[in-house]
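K.L.:
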Amino acid sequence: MSLKLHWFLPTAGDGRTIVERFHANKSQGPSAQRPADLDYLAQVARAAERLGFEGVLTPTGTWCEDAWLTTAALIRETSRLKFLVAFRPGVISPTLAAQMAGTFQRLSGGRVLLNIVTGGDAIEQRRFGDWHDHDARYARTDEFLSVVRGVWSGKPFDFAGDHLRVEGATTLAAPDPVPPLYFGGSSAAALPVAARHADVYLTWGEPPAQVAEKIGKVRELAEKEGRAVRFGVRLHTIARDTSAEAWAEAQKLLDALGPEQIAKAQSQLAASESVGQQRMVALHGGRAATTARDLEIHPRLWAGIGLVRGGAGTALVGSYAEIADLIEEYHEAGVSEFVLSGYPHLEEAYWFGEGVRPELARRGLLDEGAAAERTVPGVRAEPAVQGERAVAAQ
Numbered sequence: 001m002s003l004k005l006h007w008f009l010p011t012a013g014d015g016r017t018i019v020e021r022f023h024a025n026k027s028q029g030p031s032a033q034r035p036a037d038l039d040y041l042a043q044v045a046r047a048a049e050r051l052g053f054e055g056v057l058t059p060t061g062t063w064c065e066d067a068w069l070t071t072a073a074l075i076r077e078t079s080r081l082k083f084l085v086a087f088r089p090g091v092i093s094p095t096l097a098a099q100m101a102g103t104f105q106r107l108s109g110g111r112v113l114l115n116i117v118t119g120g121d122a123i124e125q126r127r128f129g130d131w132h133d134h135d136a137r138y139a140r141t142d143e144f145l146s147v148v149r150g151v152w153s154g155k156p157f158d159f160a161g162d163h164l165r166v167e168g169a170t171t172l173a174a175p176d177p178v179p180p181l182y183f184g185g186s187s188a189a190a191l192p193v194a195a196r197h198a199d200v201y202l203t204w205g206e207p208p209a210q211v212a213e214k215i216g217k218v219r220e221l222a223e224k225e226g227r228a229v230r231f232g233v234r235l236h237t238i239a240r241d242t243s244a245e246a247w248a249e250a251q252k253l254l255d256a257l258g259p260e261q262i263a264k265a266q267s268q269l270a271a272s273e274s275v276g277q278q279r280m281v282a283l284h285g286g287r288a289a290t291t292a293r294d295l296e297i298h299p300r301l302w303a304g305i306g307l308v309r310g311g312a313g314t315a316l317v318g319s320y321a322e323i324a325d326l327i328e329e330y331h332e333a334g335v336s337e338f339v340l341s342g343y344p345h346l347e348e349a350y351w352f353g354e355g356v357r358p359e360l361a362r363r364g365l366l367d368e369g370a371a372a373e374r375t376v377p378g379v380r381a382e383p384a385v386q387g388e389r390a391v392a393a394q
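The sequence shown begins at 1 in the UniProt record's numbering and counts up one residue at a time.
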């Protein structure tokens, strides 16, 4: 199966280190070297489109801009790029979500993908008015997705569950095509929901053997439901001409992290109810590291980002060929979609897109016909990108 590559929209701001928003007083909002204004996000989106990425993930939470509004504003800034819109099923009506997705599909020409984020942080969920516990949130997500699928059938839909109830739920028209559902979660409560509803099961970047084990569990559950599920992994990337240059860049990111920042972040992450987050923390254990290589948990897989960042905490680090080797390892484990990011997101998209992507194509892992259709003819590289890339290469 050919790989699908996605990038990331930094809707909390962007910069050359991991920790911009950790510098800020939370009551004053996030701080970033590059604010997440529409011009900058459009620049990242156009770069991703030009470089042949399938789509871009837009996160959800109180720490970033709203994913629906941001991506809708970028429809006219792009022509083929898809938008993987993350949202929380517990804080929106399922009928309204089905309607929004259908509208997005029609306005964009079929370019919306949906990332269902059940939520593993009780503190943040309560900011949205959601007081359900961890397992109840997944039970509600199960019902939510049943309603969304029912609404998309194009016929009035009735549903009565423990958490949700609708009568005659319908929208203007069923979306065409129906948006694929991307879903993550590592707990015993999450996996059956993924098996019943997900088109793509997403996991954070654990070592390939651990990812393969999780894939096996979801695949077995999905087969019992009579379904087939694709699998994706969420990772950062530091790709350079040589391995030494890539690890030097990882070292810069590590050197920018202060002990107090790491301690504060680890204290917050340790309180998460998310099993996936607990697995991310376990990869590095919050341990002090002098060199970036101290946090290499698998050849070319670095856990340093997870010292201060919640969610995806690992990065592919190496030369273009080395990163392609690790991507092949994940592919052999069953992964067909990669949702990638890097710091800064604009420049790192070019490092990966111009370096690793051609290497994957040479190995026959990409559908070059589809990629050619996604390439935007006659579009120049952004002037700022050229300048940044030249600086970065020095």
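Beta carbons are placed, not taken as given, at the ideal position from N, Cα and C, and that holds for glycine. Computed from a predicted model, the values in this text were never measured in an experiment.
So who's on the other strand from K155, going by DSSP bridges?
P.N.:
As a first step, residue 155 must be located in the sequence shown, where it is residue number 155. Answer is none; K155 lacks a bridge partner.
K.L.:
Check G276 in the structure and name its three-state DSSP category.
P.N.:
Here residue 276 refers to the residue found at position 276 when the sequence shown is read from its first residue. In the structure shown, G276 sits in a helix (DSSP, three-state: H, G or I).
K.L.:
If you check the beta carbons only, do A36 and G13 fall under 8 Å apart?
P.N.:
Here residue 36 is taken as the residue at index 36 of the sequence shown, counted from 1. Here residue 13 is taken as the residue at index 13 of the sequence shown, counted from 1. Yes, the Cβ-Cβ distance between A36 and G13 is below 8 Å.
K.L.:
I need the DSSP call for R293, collapsed to helix, strand or coil.
P.N.:
Along the sequence shown, one-based indexing puts residue 293 at 293. R293: helix per DSSP, three-state reduction.
K.L.:
Measure the CB-CB distance between residue 399 and I116 and report whether it falls below 8 Å.
P.N.:
Outside the shown range of the chain, which is 1 to 394, sits residue 399, and nothing can be said about it.
K.L.:
In angstroms, rounded to a whole number, what distance separates the CA positions of L191 and E213?
P.N.:
Reading the sequence shown from its first residue, position 191 is the one you call residue 191. Reading the sequence shown from its first residue, position 213 is the one you call residue 213. Rounded to whole angstroms, the separation of the alpha carbons of E213 and L191 is 12 Å.
K.L.:
So, K82 versus E54, is the Cβ gap smaller than 8 Å?
P.N.:
Residue mapping note: residue 82 aligns to position 82 of the sequence shown, counting from 1. Residue mapping note: residue 54 aligns to position 54 of the sequence shown, counting from 1. It is a contact, given that the beta carbons lie within the stated cut-off.
K.L.:
In whole angstroms, give me the CA-to-CA distance for E220 and Q210.
P.N.:
Along the sequence shown, read from residue 1 onward, the residue named residue 220 stands at position 220. Along the sequence shown, read from residue 1 onward, the residue named residue 210 stands at position 210. Distance between the alpha carbons of E220 and Q210: 16 Å.
K.L.:
Give every residue of the same chain whose Cβ lies closer than 6 Å to the Cβ of residue 410, excluding the five residues on either side of it in the sequence, and list them in chain order.
P.N.:
Past the edges of the chain, shown from 1 to 394, lies residue 410, and the structure says nothing about it.
K.L.:
Can you grab the Cα-Cα spacing for the pair L254 / L164, in whole Å?
P.N.:
On the sequence shown, position 254 is the one that residue 254 refers to. On the sequence shown, position 164 is the one that residue 164 refers to. So the alpha carbons of these two residues sit roughly 45 Å apart.
K.L.:
Rounded C-beta distance between Q43 and L346? I'm assuming under 8 Å.
P.N.:
The residue labelled residue 43 in the question sits at position 43 within the sequence shown. The residue labelled residue 346 in the question sits at position 346 within the sequence shown. Rounded, the Cβ-Cβ distance is 6 Å, consistent with contact.
K.L.:
Let's test the definition: count the other Cβ atoms within 10 Å of the Cβ of W7 and tell me whether it reaches 16, buried, or not, exposed.
P.N.:
Locating residue 7 in the sequence shown gives position 7, where the first residue counts as 1. Label assigned to W7: buried.
K.L.:
Quick one: what does DSSP say S187 is sitting in, helix, strand or coil?
P.N.:
The count along the sequence shown starts at 1 and reaches residue 187 at position 187. Coil, per DSSP.
K.L.:
Using a Cβ-Cβ cut-off of 8 Å (strictly less than) and excluding sequence neighbours within five positions of residue 395, which residues of its own chain qualify?
P.N.:
Residue numbering for the chain in the displayed model covers 1 to 394; residue 395 lies beyond these limits and cannot be assessed.
K.L.:
Measure the alpha-carbon distance for T171 versus A289 and round it to whole angstroms.
P.N.:
Position 171 of the sequence shown, counted from the first residue, corresponds to residue 171. Position 289 of the sequence shown, counted from the first residue, corresponds to residue 289. Between T171 and A289, the alpha-carbon positions lie close to 53 Å from each other.
K.L.:
Distance check for R76 and Y40, CA to CA, integer angstroms please.
P.N.:
In the sequence shown, counting from the first residue as 1, residue 40 sits at position 40. In the sequence shown, counting from the first residue as 1, residue 76 sits at position 76. So the two alpha carbons sit approximately 14 Å from each other.
K.L.:
My guess is that T58 and T11 are in contact by the Cβ rule of under 8 Å, so how many angstroms apart are they, rounded?
P.N.:
Within the sequence shown, residue 58 is the residue found at index 58, counting from 1. Within the sequence shown, residue 11 is the residue found at index 11, counting from 1. Indeed, because the Cβ distance is near 6 Å, the residues count as touching under 8 Å.
K.L.:
What's the C-alpha gap between Q261 and Q268?
P.N.:
Position 261 of the sequence shown holds residue 261. Position 268 of the sequence shown holds residue 268. Going by the C-alpha atoms only, they are around 11 Å apart.
K.L.:
Does the beta-carbon distance from V151 to A98 come in below 8 Å?
P.N.:
As a first step, residue 151 is located in the sequence shown; it is residue number 151 there, counting from the start. As a first step, residue 98 is located in the sequence shown; it is residue number 98 there, counting from the start. The beta carbons of V151 and A98 sit closer together than 8 Å.
K.L.:
Where does the unbroken beta strand (DSSP E) through R219 begin, and where does it stop?
P.N.:
As a working note, residue 219 is residue 219 in the sequence shown. Where R219 is concerned, there is no enclosing beta strand (DSSP E), although the alpha helix (DSSP H) it sits in stretches over P208 to K224.
K.L.:
Please report how far the alpha carbon of R309 lies from the alpha carbon of A265, in whole angstroms.
P.N.:
Taking the first residue of the sequence shown as 1, we reach residue 309 at position 309. Taking the first residue of the sequence shown as 1, we reach residue 265 at position 265. Between the alpha carbons of R309 and A265 lies a distance of about 7 Å.
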